[in-house]
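Novice: If you're matching positions, the sequence shown starts at 0 in numbering that gives the first Met the number 0 and goes up one per residue.
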Amino acid sequence: MNNPRTTLPAFYSLILMAAIALSACGSNPPVTAAPGEADQILLDRGNAALQERQWTRARQYYSELLESYPQSPLRAEAKLGVGDSYLGENNSASYVYAQNEYREFLAFYPTNPRADYAQMQLGMVHFNQMLNPQRDQTETKEAIREFQTFVERYPNSTHINEVRKYLREAKDRLSDWDLQVGTFYLSIRNYGGAEGRFRDVLKNDPEYTRRDSLYFRLAETLERVDKKAEALPLYERLLDEYEKSEHLEEARRRVERLKQELKLSDPAGR
Numbered sequence: 000m001n002n003p004r005t006t007l008p009a010f011y012s013l014i015l016m017a018a019i020a021l022s023a024c025g026s027n028p029p030v031t032a033a034p035g036e037a038d039q040i041l042l043d044r045g046n047a048a049l050q051e052r053q054w055t056r057a058r059q060y061y062s063e064l065l066e067s068y069p070q071s072p073l074r075a076e077a078k079l080g081v082g083d084s085y086l087g088e089n090n091s092a093s094y095v096y097a098q099n100e101y102r103e104f105l106a107f108y109p110t111n112p113r114a115d116y117a118q119m120q121l122g123m124v125h126f127n128q129m130l131n132p133q134r135d136q137t138e139t140k141e142a143i144r145e146f147q148t149f150v151e152r153y154p155n156s157t158h159i160n161e162v163r164k165y166l167r168e169a170k171d172r173l174s175d176w177d178l179q180v181g182t183f184y185l186s187i188r189n190y191g192g193a194e195g196r197f198r199d200v201l202k203n204d205p206e207y208t209r210r211d212s213l214y215f216r217l218a219e220t221l222e223r224v225d226k227k228a229e230a231l232p233l234y235e236r237l238l239d240e241y242e243k244s245e246h247l248e249e250a251r252r253r254v255e256r257l258k259q260e261l262k263l264s265d266p267a268g269r
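(1) Roughly how many angstroms separate the alpha carbons of S174 and K140, rounded to a whole number?
(2) Distance check for Y207 and S244, CA to CA, integer angstroms please.
(3) Where does E206 sit, in a helix, a strand or coil, going by DSSP?
(4) With distances taken between CB atoms, is the gap from G45 to G82 smaller than 7 Å?
(5) So, under 8 Å CB-CB, L105 and A117 are touching, yes? Tell me the CB distance rounded to an integer number of Å.
(6) Which of the three DSSP states, helix, strand or coil, is assigned to D135?
(7) To which residues of the same chain is A97 closer than 6 Å at the C-beta, ignoring the five residues directly before and after it?
(8) To the nearest angstrom, how far is the alpha carbon of D38 from that of N160?
(9) Let me check understanding here. Comparing Cα to Cα, which of Y214, E248, Q133 and L166 lies closest to Q120?
(10) Measure the C-alpha to C-alpha separation of E229 and E255 and round it to an integer number of angstroms.
(11) Less than 8 Å between the CB atoms is what I'm expecting for L233 and L217, so what's the real figure, rounded?
(12) When the Cα of Y101 is compared with those of E76, N90 and N89, which residue comes out closest?
See below:
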C-alpha cells in the first residue's frame with residue numbers, strides 16, 4: 000500500500016531524475032553531478048547540448064531548470080544559456096528572442112559576474128545581422144551602440160579585446176557606407192554632399208581602417224571645387240601614413256602637380 004505521507008514534490012523529483020537518467024542513454028554525453036542535484040544536471044546537459052549546437056534540446060534543459068527550480072543559484076547561467084541557444088539558431092526570429100533573454104538577464108542580474116558576457120552577446124545579436132555597406136545600416140548602428148556600452152561599463156572584462164575587435168569591424172562597416180555614398184555623390188558632381196560625407200567620417204571615426212581611400216576621395220572632391228590648398232595636405236597625409244595603398248602612385252603625382260600649381264598661383268612666389 001502506498002505511503003500517504005509521500006509528497007507530490009518528491010514524486011515529481013523522482014520523475015525528473017528518471018527522465019534525466021533516460022536522456023543520458025541518448026546522444027548527449029554523460030555528465031557528472033551528485034545524486035539529487037537535478038538543477039546542476041539540467042545545466043550540464045544544456046551546456047553539453049549547446050556545445051553540440053543542438054539548440055532546441057539545450058533550451059529545453061535550461062527552461063526546465065528555470066521553471067522547476069525558482070530558488071536555484073544556477074538560474075542566471077540557465078538564462079544565458081537560453082539566450083545563447085537562440086543566438087545560435089541564427090535567424091531573424093531567434094535574434095528577437097535572444098535579445099530579449101540578454102536584456103532580461105541584465106535587468107534581473109545587473110551585478111552578476113557574467114553581466115559583461117550578456118552585454119557582449121547583446122551586441123552580437125545586432126552584429127550578426129549587419130548588412131553590406133550598400134544596404135541599410137540600422138543593425139550596424141545598434142551593434143556599435145551595444146559594444147560601446149560594453150566598453151564603458153566593463154573596461155576590465157576578459158572579453159574587452161574581443162569586443163573592441165567587433166566594435167572596430169562595425170564602425171568600419173558604417174564608415175564604408177558613408178565612403179561609398181560620398182563616392183557616389185562625387186561621381187554625380189554633388190561635391191557638397193560628397194565633402195560632407197567624407198568629413199563626417201574623418202570627424203566621427205578617426206581610426207577608420209580605410210582612411211587612405213577617405214583621404215584620397217576627399218582631396219579629389221576639394222580639387223574639383225578649386226580648394227587645392229586644402230586638398231594637398233590630404234594627399235600628403237595619405238603618403239605619410241600608408242606604405243601600401245592602391246592610391247599611392249596617383250597621390251604622389253597629384254602632390255607634385257598641386258605643389259607646382261599652388262606655387263604658380265602665389266603672386267609672391269612662395
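Beta carbons: idealized from backbone N, C-alpha and C, even for Gly.
Specialist: According to the structure shown:
(1) Rounded to the nearest angstrom, the two C-alpha atoms are 11 Å apart.
(2) If I take the Cα positions, the gap works out to 14 Å.
(3) Correct three-state label for E206: coil.
(4) No Cβ-Cβ contact shorter than 7 Å links G45 with G82.
(5) Right, the Cβ-Cβ distance comes to about 5 Å (below 8 Å), so this counts as a contact.
(6) Residue state, collapsed to three classes: coil.
(7) Once the five neighbours on either side are set aside, the close Cβ partners of A97 are G82, Y85, L86 and V124.
(8) Cα to Cα, the separation comes out at about 33 Å.
(9) Comparing Cα positions, the closest option is L166.
(10) In a straight line, the C-alpha of E229 is about 15 Å away from that of E255.
(11) Here L233 really is in contact with L217; their C-beta atoms are around 6 Å apart, less than 8 Å.
(12) Among E76, N90 and N89, the Cα nearest to that of Y101 belongs to E76.
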